[in-house]
Amino acid sequence: MMAVLKMQNYTMRIAISILIIVSLSLFSNKAMAQRNDKPFTQLDYDYGKPFHFGFSLGFNFMDFTIKNNGKPQEIGLGDTTALWADASGMVPGFNVNIITDYRLNEYFSVRCLPGLSFGQRDLKYYEPSGKLLTTMNLESSFIEVPILIKYKAKRSGDIRPYLIAGINPRFDVAAYKKLNNKEGIYVRLNSSDVYYEFGAGLDFYLTYFKFSIEMKYSAGISNVLSPDLVEGGESYVKALDKIQSQLFVIAFHFE
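When you line the sequence shown up against mature numbering (1 follows the signal peptide of the UniProt record, and there is no 0), it's residues -33 to -1, 1 to 222, in that order.
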């Protein structure tokens, strides 16, 4: 059962990666097919003032990378078994950000997008037989400050593909929620982490503003498993060695 769930997670990630590549290829081909003599709109973004501002709306899928230790844990009435956890399934959340973009030259810019991200991970515990013991709904409300380098390809008409990469410090204000035995919440996450991010997107230069579609992957570098314990739920924390956070984000930028 454990192997099946892990394979489902890997399959989902591979499918998402393929979707990104296929989508960007289709849009890029469409851009290259445009007439070369078509006048460019919004040239100010390429040659005018270096600073540009805007806002971003999007949705995310939060996930965990989990390392189980496989040690037997007491699960009540003196029984012991090797619990293992998995974050199967992805629940959509949403993002809202403010955009500040500083153009370095024709092809590179630095971007800062402070904002909020809301989402949820479902942490499920199983026995070795595959029997589900419990499911914990771990909500996250992130204050985030992504700082990214944006590389823009040569503009063709009014569409321009780009790549992004950088870091994103996040602070989870929902991590301070109390452990609750009655509600079955036995695991708490650490509040802060730094994520590395990379992705791709397309800029559409419209008459009055620039619209962008962007897809990116974000992965935390720290173990966010808190050592805090609640009476009756100690075994669920002790069954884990490490939890690392990751997100897949689809965003719509307006600049």
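Virtual Cβ for every residue (Gly too), placed ideally from N, Cα, C.
Values in this document were obtained by computation on a predicted structure and should not be read as measured data.
For residue i, count neighbouring C-beta atoms within 10 Å of its own C-beta (all shown protein chains included) and say buried if the count is 16 or more, exposed if not.
i           : result
residue 10  : exposed
residue 2   : At residue 2 the pLDDT is 49, less than 50, meaning the model places this residue with poor confidence; the figure from the coordinates comes in the next sentence. Classification of residue 2: exposed, given that the 10 Å Cβ count is below 16.
residue 65  : exposed
residue 194 : exposed
residue 208 : exposed
residue 150 : exposed
residue 135 : buried
residue 198 : exposed
In whole angstroms, give me the CA-to-CA distance for residue i and residue j.
i           : j           : result
residue 164 : residue 79  : 13 Å
residue 173 : residue 210 : 43 Å
residue 99  : residue 51  : 10 Å
residue 160 : residue 189 : 6 Å
residue 103 : residue 90  : 5 Å
residue 118 : residue 130 : 5 Å
residue 192 : residue 73  : 43 Å
residue 201 : residue 62  : 33 Å
residue 216 : residue 183 : 5 Å
residue 156 : residue 25  : 24 Å
residue 30  : residue 88  : 6 Å
residue 114 : residue 137 : 11 Å
Could you give the first and the last residue of the continuous alpha helix (DSSP H) run that contains residue i?
i           : result
residue 158 : That residue, residue 158, is in no alpha helix (DSSP H); it is neither H nor E in DSSP.
Determine the DSSP secondary structure at residue i, reduced to helix, strand or coil.
i           : result
residue 74  : coil
residue 181 : strand
residue 13  : helix
residue 129 : strand
residue 143 : helix
residue -9  : Because the pLDDT of residue -9 is 49, which lies under 50, any placement of that residue in the model is unreliable, and the question is left without a value.
residue 205 : helix
residue 33  : strand
residue 221 : strand
residue 69  : strand
residue 191 : coil
residue 23  : strand
What are the boundary residues of the beta strand (DSSP E) that includes residue i?
i           : result
residue 198 : Where residue 198 is concerned, there is no enclosing beta strand (DSSP E), given that its DSSP letter is neither H nor E.
residue 148 : No beta strand (DSSP E) holds residue 148; DSSP gives it neither H nor E.
residue 102 : 99 to 111
residue 120 : Here residue 120 belongs to no beta strand (DSSP E), and DSSP marks it neither H nor E.
residue 86  : 82 to 93
Do we get a CB-CB distance below 8 Å when we pair residue i with the residues of chain D?
i           : result
residue 211 : As a matter of chain content, chain D is missing from the structure shown, which is built from one protein chain.
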